[in-house]
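All remarks here apply to the structure that follows.
Protein chains: 2
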Amino acid sequence: MGLTKTEIFTDKQNQIAQYAKVFGHPARVAILQYLFKLNACVCGDLVDEIGLAQPTISQHLKELKNLGLIKGNVEGTSVCYCIDVENWKKMKTVMSTFLDQDLNQKDCC
Amino acid sequence: MGLTKTEIFTDKQNQIAQYAKVFGHPARVAILQYLFKLNACVCGDLVDEIGLAQPTISQHLKELKNLGLIKGNVEGTSVCYCIDVENWKKMKTVMSTFLDQDLNQKDCC
DNA sequence: TTTATTCATTGCAATATTACGATTAAAGGG
DNA sequence: CCCTTTAATCGTAATATTGCAATGAATAAA
Numbered sequence: 008m009g010l011t012k013t014e015i016f017t018d019k020q021n022q023i024a025q026y027a028k029v030f031g032h033p034a035r036v037a038i039l040q041y042l043f044k045l046n047a048c049v050c051g052d053l054v055d056e057i058g059l060a061q062p063t064i065s066q067h068l069k070e071l072k073n074l075g076l077i078k079g080n081v082e083g084t085s086v087c088y089c090i091d092v093e094n095w096k097k098m099k100t101v102m103s104t105f106l107d108q109d110l111n112q113k114d115c116c
Numbered sequence: 008m009g010l011t012k013t014e015i016f017t018d019k020q021n022q023i024a025q026y027a028k029v030f031g032h033p034a035r036v037a038i039l040q041y042l043f044k045l046n047a048c049v050c051g052d053l054v055d056e057i058g059l060a061q062p063t064i065s066q067h068l069k070e071l072k073n074l075g076l077i078k079g080n081v082e083g084t085s086v087c088y089c090i091d092v093e094n095w096k097k098m099k100t101v102m103s104t105f106l107d108q109d110l111n112q113k114d115c116c
């Protein structure tokens, strides 16, 4: 069916999955890493930097923007992207509660 | 095309995406949380616990096993699952280097 | 005003994912 | 030896994702 049954899971579980899903493509990972590395707004070089066609990059940017992880401001003909620091922190909190579950457990299998 | 162009990304980027992808479905998040909560092996209640059909759960478990995040041991007619602690730690290291990128950056957009 | 630049959107083809019914395989209990 | 239990696998339908060519919209440059 290809249709995830979100109703049967908790909001938290769906939220974790939603964040993870957006990181689940190397192009989006690469875009975010580049935005961090530059430590500033990026106006346009993303298509050159990552080797995908412009519409494809645009699509990936849209997904990142939908989740609030990046912001885009129009500047003349070009658009300027950067990490949304506030929301990135929120995301980190959510993901950490999931990843840092521990592990008092000994190997039992 | 539906086919991710992994060639044009670094191994690290692909690895991050691969981990993230497996967390990108709430059923797999729920399975992992349940394994952590029990703090022990789980032999079979997963289908009752999560509201999906047995073949569906089996498929999700397979993906988690392929990435090494869980282990499964046969015990009689049933199979016993638990977190693979070593590999979970390795995964955490990889994901942390990605998520903890900071942020000297001021909001520029 | 025309032309160029930059990015978003649309439309579509190829492939992947999700879910489940039906079946199979393997082990135990009678 | 049958029958049950448990979980993997197969096959398939529905939907989602990825990628790009073509097009559109908006601004800047000439």
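Chains A and B, in that order, give the protein sequences. Position in the first sequence (first residue = 1) + 7 = the numbering used here. Position in the second sequence (first residue = 1) + 7 = the numbering used here. Here a beta-carbon is modelled for each residue, glycine too, at the ideal position from N, C-alpha and C. Owing to the predicted nature of the structure, the values given are computational and were not obtained by experimental measurement.
Verify whether the separation of the beta carbon atoms of residue i and residue j is less than 7 Å.
i: A27(A); j: A27(B); result: yes
i: C87(B); j: N80(B); result: yes
i: V54(B); j: A24(A); result: no
i: E70(B); j: V29(B); result: yes
i: Q40(A); j: F43(B); result: no
i: F16(B); j: P33(A); result: yes
In this structure, how does DSSP classify residue i when only helix, strand and coil are distinguished?
i: K72(B); result: helix
i: N94(A); result: helix
i: N21(B); result: helix
i: K12(A); result: coil
i: I77(A); result: strand
Quick check on the burial criterion: 16 or more other C-beta atoms within 10 angstroms. Buried or exposed for residue i?
i: G9(A); result: exposed
i: G31(A); result: buried
i: D91(A); result: buried
i: A47(B); result: exposed
Between the C-alpha atoms of residue i and residue j, what's the straight-line distance to the nearest angstrom?
i: I77(B); j: P62(B); result: 18 Å
i: Q66(A); j: D52(A); result: 15 Å
i: E82(A); j: C89(A); result: 13 Å
i: E56(A); j: T13(B); result: 15 Å
i: K97(A); j: G75(A); result: 10 Å
Just grab the DSSP bridge partners of residue i for me.
i: S85(B); result: E82(B)
i: V54(A); result: Partner(s): none; V54(A) has no beta bridge.
i: V101(A); result: For V101(A), which the question treats as bridged, DSSP gives no partner whatsoever.
i: V49(B); result: Y88(B)
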